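Report on the structure given below.
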Amino acid sequence: MITNQLINHLNPTRINETSPASKTTPADAAQSFGAFLKDAIDSVADQEKQVKSVTDDFLIGKADVSQLMIVSEQAQLSLQLTSQIRNKVIEAYQEIMRTQL
Numbered sequence: 001m002i003t004n005q006l007i008n009h010l011n012p013t014r015i016n017e018t019s020p021a022s023k024t025t026p027a028d029a030a031q032s033f034g035a036f037l038k039d040a041i042d043s044v045a046d047q048e049k050q051v052k053s054v055t056d057d058f059l060i061g062k063a064d065v066s067q068l069m070i071v072s073e074q075a076q077l078s079l080q081l082t083s084q085i086r087n088k089v090i091e092a093y094q095e096i097m098r099t100q101l
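Numbering (full-length UniProt numbering), first residue to last: 1 to 101.
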């Protein structure tokens, strides 16, 4: 089974897991989201580096075509997921900006 490191970061949080005593400020939430976003982008970049490495191994005969295809599909799916998340964040931001006070 193929696992994706980026999808593992997207586990939904439950309401019961947060304690009412720990209040998160907007600045803390922004830093937390920023750290999450940086980790996700770094994960995609690492997968792209792995694709290049396996491609080089394939060209010199150290890797077979199935390894190359699996790694490249994982990287492609991660990139597509990241771009879709970006699109949803932009849509949410635009919706917030359209709301009337």
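Glycine is no exception: its CB is placed at the ideal position from the N, C-alpha and C atoms.
Keep in mind that this is a model prediction, so the values were computed, not measured.
Problem - Nearest-angstrom Cβ-Cβ length linking Val-65 and Phe-58, presumed shorter than 8 angstroms - result: Contact between Val-65 and Phe-58 holds, since their C-beta atoms are separated by about 7 angstroms, short of 8 angstroms.
Practice task
Tell whether a beta-carbon distance below 9 angstroms holds between Ile-85 and Ala-29.
Solution key: No, the pair does not count as a contact, with Cβ atoms beyond the cut-off.
Problem - Simplified DSSP state of Leu-101, which is helix, strand or coil - result: Taken through DSSP and simplified to helix, strand or coil, Leu-101 comes out as coil.
Exercise for the section: For Asp-56, collect the residues of the same chain with a Cβ closer than 7 angstroms to its Cβ; drop the 5 residues on either side in sequence, then sort them by chain order. Expected result: Taken in chain order, the list of residues that qualify is empty.
Handout entry: Given Val-44 as reference, the closest of Glu-91, Thr-82, Ile-90 once Cα atoms are compared
Key = Looking at the Cα atoms, Thr-82 is the closest of the given residues.
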